Amino acid sequence: MAVVRCSRGGKTRALYELSRVLKERLRGDDVAVIYISLNDQSSLINWESLNPIDAICRRIAFAALPRTEEEPDFDRFAEEVEVSSKAIVKWLGASPRILLIDELNKLEGMTDPGNVEMKRLAEFLKTHFLANDKQYFVFSSHVVSSSYQLSEFMDSASRRRVHIRELPLIANLSTAWNTFNYEQLNARQLLHYGCVPALVYQSVCAVLDPTNDSYLPKMNREIAIMKCVQEGVTDEVIEQLLGSFLDGDPDFVPPALLQLMDTTSDSEVRWIPYNMVPVLRKFVKLGSRKYSILLRTICDCFDSFLKSKAASGDSWEYLFLMTLLIRCVSHKFEQVLLPLGDNK
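Using my numbering, the first residue of the sequence shown is number 77, and each one after it goes up by one.
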């Protein structure tokens, strides 16, 4: 099963809580519930990318360490302890098992169909965590393509398929008020943060604690933007990126920017203005002669939509103008006027 959500969208928390609940419910049933992360304190070390199987097994061994009041240090463990895949397989034996891997997309080879080491990892996961009905594998990723690529690596004739689970979004304003105990939230703010609970929560914290600049971290976004810029931003790239706002087609989005968008279980992307407006403003600074004025106007429309007064028609006017400009740039006029979905 794949759990998908944008960067900083709550994937790590969701997978951790899932593992905690599984451990509680399966206590005494001789089921090995193993949660490992390629993020946070056990982030991938550069040299580990050369052997992803060892990287995974090292974290499985680390997760199996008895917990004491003093949390073990992963970096020290990785330097001092050698862990082989054979040792992990022997330790697991024939016991039922559930492996949960947070941020599988951190393995860079996932995007390379010809990566030999990733094929070896996929075979290892298939053999020891998927091969029979007493084995289950759950992972998180910011893009759906990771799950499809993993399936292709495994090249399995098994009827078991990857179940893609999209983490829930905030359904309405009253739910947000009750959840965050903050009735100053408005619908435009929810849309600005893509209705992603983790981002909305961080935005509320930033308002309530303005002296703390640790909320809504921008580092991942800046890295993604810089990587996109390094790969080259042409007028065609801009046209295709804007088109994804209307049709949700991920194939025309620069890969580096996918983590800044939300991903649906239908493999479509949804824009999160909080992330995407800075992307467009960066493109303006790059000096696109053809689209600089249009991009700046689109960004201003996003900002004005967020800041417009409650119960006024201004927000809809900005939304209409922004969408019309995007259609002009991307040459897409065949869809419905506003990309709000069939049930909106």
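Ideal Cβ placement from N, Cα and C applies to all residues, glycine included. For clarity, every value in this text was computed on a predicted model and none was experimentally measured.
Taking DSSP as the reference, what is the three-state secondary structure of residue i?
{"i": "R111", "result": "Looking at the sequence itself, residue 111 is Tyr, so the reference to Arg does not match. Of the three classes helix, strand and coil, the one that applies to Y111 here is strand, per DSSP."}
{"i": "A207", "result": "coil"}
{"i": "S364", "result": "coil"}
{"i": "S161", "result": "helix"}
{"i": "R89", "result": "helix"}
{"i": "D178", "result": "strand"}
{"i": "Y350", "result": "helix"}
{"i": "D342", "result": "coil"}
{"i": "E147", "result": "coil"}
{"i": "V80", "result": "strand"}
{"i": "V305", "result": "helix"}
{"i": "S216", "result": "strand"}
{"i": "E259", "result": "coil"}
{"i": "R372", "result": "helix"}
{"i": "R264", "result": "helix"}
{"i": "I240", "result": "strand"}
{"i": "R173", "result": "strand"}
{"i": "C281", "result": "helix"}
Would you please state the rounded distance, in angstroms, between the beta carbons of residue i and residue j? I believe it to be under 8 Å.
{"i": "F205", "j": "R173", "result": "6 Å"}
{"i": "R81", "j": "L243", "result": "5 Å"}
{"i": "V305", "j": "K366", "result": "Not confirmed; about 17 Å, so no contact."}
{"i": "V159", "j": "D130", "result": "7 Å"}
{"i": "L98", "j": "V79", "result": "With 8 Å as the limit, L98 and V79 do not qualify as a contact, their Cβ atoms being about 14 Å apart."}
{"i": "Q335", "j": "S161", "result": "At roughly 29 Å, the Cβ-Cβ gap does not stay under 8 Å, so Q335 and S161 are not in contact."}
{"i": "R264", "j": "S391", "result": "6 Å"}
Beta-carbon within less than 7 Å of residue i's beta-carbon, same chain only, minus the 5 sequence neighbours each way: which residues are those?
{"i": "S368", "result": "V360"}
{"i": "T251", "result": "none"}
{"i": "F229", "result": "Any reading at F229 must be qualified, since the residue scores a pLDDT of 48, below 50, and its modelled position is unreliable; no value is offered."}
{"i": "V313", "result": "P330"}
{"i": "L266", "result": "I246, L249, A252, V276"}
{"i": "Y258", "result": "V280"}
{"i": "S234", "result": "Residue placement at S234 cannot be trusted, given a pLDDT of 49 that sits under 50; what the coordinates show is reported in the next sentence. So no residue of the chain qualifies."}
{"i": "C271", "result": "L245, I246"}
{"i": "L120", "result": "L114, A131, K182"}
For residue i, I'd like the list of residues in its chain whose CB is within less than 6 Å of its CB, leaving aside the five on either flank, ordered along the chain.
{"i": "N127", "result": "none"}
{"i": "V355", "result": "I301"}
{"i": "E344", "result": "G324"}
{"i": "Q29", "result": "With the chain running from 77 to 420 in the structure shown, residue 29 is simply not present."}
{"i": "L94", "result": "none"}
{"i": "C377", "result": "Y394, L397, M398"}
{"i": "A431", "result": "Past the edges of the chain, shown from 77 to 420, lies residue 431, and the structure says nothing about it."}
As a quick exercise: from the options, pick the residue whose alpha carbon is nearest that of residue i.
{"i": "N296", "options": "S95, F396, E193, N351", "result": "N351"}
{"i": "L183", "options": "G190, F213, L114", "result": "L114"}
{"i": "I374", "options": "S388, E156, L318, Q335", "result": "L318"}
{"i": "A332", "options": "G308, E156, T255, P349", "result": "G308"}
{"i": "H218", "options": "N191, L180, P142", "result": "L180"}
{"i": "A139", "options": "M77, L334, W167, N191", "result": "W167"}
{"i": "V123", "options": "E155, D311, H268", "result": "This sequence places Trp at residue 123; Val is not what is there. Answer by Cα proximity: E155."}
{"i": "F256", "options": "G270, Q278, Y269, R346", "result": "Q278"}
{"i": "L362", "options": "C271, N208, D311, R101", "result": "D311"}
{"i": "W347", "options": "P273, S388, H268, L120", "result": "H268"}
{"i": "E315", "options": "V283, S364, L141", "result": "S364"}
{"i": "M77", "options": "C271, L201, G270, R143", "result": "L201"}
{"i": "N191", "options": "S125, A170, S119, T144", "result": "S125"}
Short of 8 Å in beta carbon distance, which residues of its chain neighbour residue i, apart from the five on each side in sequence? Order them along the chain.
{"i": "D105", "result": "P172"}
{"i": "D285", "result": "Y291"}
Examine the ligand GTP and report whether any of its heavy atoms sits within less than 7 Å of the Cβ of residue i.
{"i": "C281", "result": "No copy of the ligand GTP occurs in the structure displayed, which carries no ligand at all."}
Check your understanding: Counting pairs of Cβ atoms below 8 Å between the segment 316-331 and the segment 378-391, do you hit three or more?
Key -> Proximity of the segment 316-331 to the segment 378-391 falls short of the contact definition, fewer than three beta-carbon pairs being nearer than 8 Å.
**Study point:** the segment 338-346 / the segment 369-379 touching (three or more Cβ pairs under 8 Å)
**Key:** By the C-beta criterion, the segment 338-346 is judged not to be in contact with the segment 369-379, since fewer than 3 inter-stretch pairs fall below 8 Å.
Exercise for review: Inspect the CB distances between the segment 102-120 and the segment 168-182 and report whether three or more fall short of 8 Å.
Suggested key: At 8 Å Cβ cutoff, the stretches touch.
Point to revise | Three-pair Cβ contact test at 8 Å for the segment 138-155 versus the segment 83-93 | key: Fewer than three Cβ pairs drawn from the segment 138-155 and the segment 83-93 lie within less than 8 Å of each other, which leaves the two stretches out of contact.
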